[in-house]
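Under the working numbering, the first residue of the sequence shown is numbered 566, with each subsequent residue one higher. Every residue gets a Cβ at the ideal spot worked out from N, C-alpha and C, and that includes glycine. Computed from a prediction, not measured in an experiment: that's the story for all the values here. Working notes for the structure below.
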Amino acid sequence: MTPVTVPPRPRDVHELIRVLPDPEVLRDRCRALAALEVLMDGRYGRYFDYDPAWGPGTGAALMNDVAGAEYAILFTPDGVLGRGFDHESSMSPYTNEGMGLWPGLVDTLPEVFRPLLRDPAFCDDEVQVATVVFWRESADTAWRAGPVELPEPGDDGTAHLFHVLAAGTPEAYAAFAGRRHGREPDLDAVRRVWDLRPLTQAQVVAVNPAMTLALAAPGLLVTGYPVAPIT
């Protein structure tokens, strides 16, 4: 298999927001990542997931490495809110005196998004847990982040949390899958999923020889991926 080329990782939230695409493109990218994880690892608790009904009118793209790093990107009627948490970051509320968010992280966050950060899913005993926060209101033409100054370059965890999403290519996912799952899926099959096109049994097997379309269909449907009738 030809080695894949993956763009450099954004080091921090300020670099991340410069490379993120428009919200609709980002949403499709998140759905594709979730669908690929269904095919590569059908078990509950996949690395990437997508819940189109996370809340009223709100879909959520989720990542959890089950080792203390996770993110949620919430697609709401008012815009998009992204928050990530890296437990190894010195910006973690658990390492800060008073267990508060790092200064500047949410200073300019629009009021419409603040209740979302207080959701119990993103708190620990009512303490908000995040090391990365970014957003884009519906009327915005660019992604935004607060005036946060990192204690060390790259210390907010962006590079680990968002590198596959930021790269935004089938090649980036294939390289990730090789590391995460111990095998790289067929790149042409990954490209088909990336384009959110209906899959055949042969294409599912090209991604993961141990998976079938019938087994994958329920998980794909949950993510909102288009699934053709199985005959």
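Which partner residues of residue i appear in the DSSP bridge assignment?
i	result
ILE638	ALA626, GLY647
ASP690	Note: ASP690 sits in no beta bridge, so no partner.
PHE699	GLY647
TYR659	Per DSSP, none; premise fails for TYR659.
ARG574	None, per the DSSP bridge assignment.
ARG757	In DSSP, ARG757 forms no bridge with anything.
ARG709	TRP700
Can you name the start and end residues of the beta strand (DSSP E) that residue i belongs to?
i	result
GLY784	Looking at the DSSP string, GLY784 is not in any beta strand (DSSP E); the run it does join, the alpha helix (DSSP H), is 778-788.
PRO680	First-last for PRO680: 679-682, but that is the alpha helix (DSSP H), not the beta strand (DSSP E).
Residue range of the alpha helix (DSSP H) that residue i falls in?
i	result
ASP593	588-605
ALA618	Here ALA618 belongs to no alpha helix (DSSP H); instead the beta strand (DSSP E) covers 613-620.
ALA771	766-772
GLU736	735-746
THR723	723-732
If residue i sits next to residue j, beta carbons under 8 Å apart, how far is it from one beta carbon to the other, in whole angstroms?
i	j	result
PHE699	VAL578	6 Å
TYR615	CYS595	5 Å
GLY607	LEU780	6 Å
LEU681	LEU730	LEU681 to LEU730, Cβ: 19 Å. No contact.
ASP651	THR696	5 Å
GLN541	ARG683	Nothing in the structure corresponds to residue 541, since the chain is present only between 566 and 796.
LEU601	VAL755	7 Å
VAL792	ALA782	5 Å
VAL603	LEU785	5 Å
Does the beta-carbon distance from residue i to residue j come in below 7 Å?
i	j	result
LEU670	GLY711	yes
HIS725	MET605	no
THR788	ALA599	yes
PRO750	ALA737	no
THR734	PRO575	no
ALA767	LEU752	no
PRO718	SER655	no
Is the closest heavy atom of the ligand HEM to the C-beta of residue i under 6 Å?
i	result
ALA775	Only the bare structure without any ligand can be found here, which leaves the ligand HEM out of the picture.
(message) Taking contact to mean 3 or more Cβ pairs, one atom from each stretch, closer than 8 Å, check whether the region 661-678 and the region 621-636 are in contact.
(response) Taking 8 Å as the limit for Cβ pairs, the verdict is that the region 621-636 does not touch the region 661-678.
(request) Could you tell me whether the region 581-593 touches the region 698-718, where touching means 3 or more Cβ pairs closer than 8 Å? (result) Touching, per the Cβ criterion.
(request) Spell out a yes or no on whether the region 591-606 and the region 756-764 are touching, meaning 3 or more CB-CB pairs, one atom from each, closer than 8 Å. (result) Taking 8 Å as the limit for Cβ pairs, the verdict is that the region 756-764 does touch the region 591-606.
(request) Assess, as a yes-or-no matter, whether the region 640-651 is touched by the region 614-629 under the definition of 3 or more beta carbon pairs within less than 8 Å. (result) Result yes; three or more Cβ-Cβ pairs closer than 8 Å.
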